[in-house]
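Notes for the one structure printed next.
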Amino acid sequence: MPKAKLPFKEFTLDPELAYIIGLLVTDGNLSKYGRHITMRSSDKDLLETFGSCLNLKSKIARSHNDGYAKRPSYRIQFSNVQLYNWLVTIGVTPAKTHSIGAIRIPKELFRDFLRGHLDGDGSIFFYRDTYNVYKGKRYINTRIYTKFISASEKHIKWLHEMMGKHAPAHGALIGKKPVGGRCGMWEIKIAKYESLKLLRWLYYKKGLPALARKRKIAEYLLSHVRNNKLIRI
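Set out below in structure tokens:
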């Protein structure tokens, strides 16, 4: 006798679930069979955080790299039909890479979602630019950038619009052409002081679910801000 179909369940969004949705939008996968949800990352600790937020008992396993990755890849997979069906209703769909659009996230939880997006496919980086020479003197300038990427034009434009409405910075929207057989990517690029404003807003208190290595970069940069100015790093 076939199993009874589970009723639809409306999940209550909180900061942890909003963060998880940000991860799934970038590095997650919903199977075409309507049951399995998979999250992949080269950061094993990120998958541990993912599992902890969802109270999963699933084990983390090694995953196949796509040929471009230099670091080992891991994945965690679980089955939850009700969560799967609810995710689809808020905009997280199977085969989403190029087709995903807007995600139904309340504005008060947008920064938790955005932090998940950053941990999934975004980046924070900085470097010291020593090539600026004026009147025989060399000036050192610290460059800071925060980036969000997506292969979906619809999604990145929605994300950029939402950042303009609800975040302290939204940066420049840049389209990139395909390179070496890989699909073209869209990028939101946020520079120095706008990045610092955004990072302070994203990491708004201790103990938030976050990828440790990116949080450490953010905390390091923010620790060098005095009177809204960046002191030498």
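In my numbering, the protein residues as written are 451 to 683.
No residue lacks a Cβ here, since even glycine has one placed at the ideal position from N, Cα and C.
CA-to-CA distance, residue j to residue i, given in whole angstroms
| i | j | result |
| --- | --- | --- |
| C503 | G566 | 12 Å |
| L474 | F563 | 10 Å |
| M451 | N535 | Low local confidence applies: a pLDDT of 47 at M451 is under 50, so the model's placement there is unreliable, with the coordinate-based value given in what follows. Each residue's alpha carbon lies about 23 Å from the other. |
| A660 | R561 | 12 Å |
| S549 | A622 | 22 Å |
| K639 | F575 | 11 Å |
| S573 | K459 | 34 Å |
| Y670 | A662 | 12 Å |
| L506 | K655 | 25 Å |
| L609 | S508 | 31 Å |
| L680 | I487 | 42 Å |
| F461 | Y483 | 21 Å |
| T499 | D493 | 10 Å |
Where residue i falls, given that 16 or more other Cβ within 10 Å makes a residue buried
| i | result |
| --- | --- |
| S529 | exposed |
| Y538 | Reading the sequence as shown, one finds Val at residue 538 and not Tyr. Exposed, since its Cβ has fewer than 16 Cβ neighbours within 10 Å. |
| L456 | exposed |
| S491 | buried |
| R665 | buried |
| D464 | exposed |
| H620 | buried |
| D569 | buried |
| T402 | Only positions 451 to 683 of the chain appear in the structure, and residue 402 is not among them; the question remains open. |
| H514 | exposed |
| G614 | exposed |
| I606 | buried |
| A468 | buried |
| L672 | exposed |
| G472 | buried |
| I510 | buried |
Whole-angstrom C-beta distance between residue j and residue i, which should lie under 8 Å
| i | j | result |
| --- | --- | --- |
| A644 | I599 | Ala is not the amino acid found at residue 644; the sequence shown has Glu there. So it is not a contact: roughly 17 Å between Cβ atoms. |
| L649 | T596 | 7 Å |
| S481 | P544 | 7 Å |
| R593 | K642 | 7 Å |
| K647 | P618 | 4 Å |
| Y683 | H674 | The sequence given here places Ile at residue 683; Tyr does not occur at that position. With 8 Å as the limit, I683 and H674 qualify as a contact, their Cβ atoms being about 5 Å apart. |
| G551 | K604 | 4 Å |
DSSP-derived helix/strand/coil call for residue i
| i | result |
| --- | --- |
| N535 | helix |
| D579 | strand |
| F560 | helix |
| M489 | strand |
| R565 | helix |
| S600 | strand |
| L672 | helix |
| F500 | helix |
| G625 | strand |
| Y643 | helix |
Within 8 Å, strictly: CB atoms of residue i and residue j
| i | j | result |
| --- | --- | --- |
| S477 | D571 | For the record, residue 477 in the displayed sequence is Asp; it is not Ser. Closer than 8 Å, so yes. |
| I540 | R554 | yes |
| L497 | I526 | yes |
is_contact[residue i, chain D] using C-beta, thresh 8 Å
| i | result |
| --- | --- |
| P544 | Absence of chain D from the displayed structure is noted, only one protein chain being present. |
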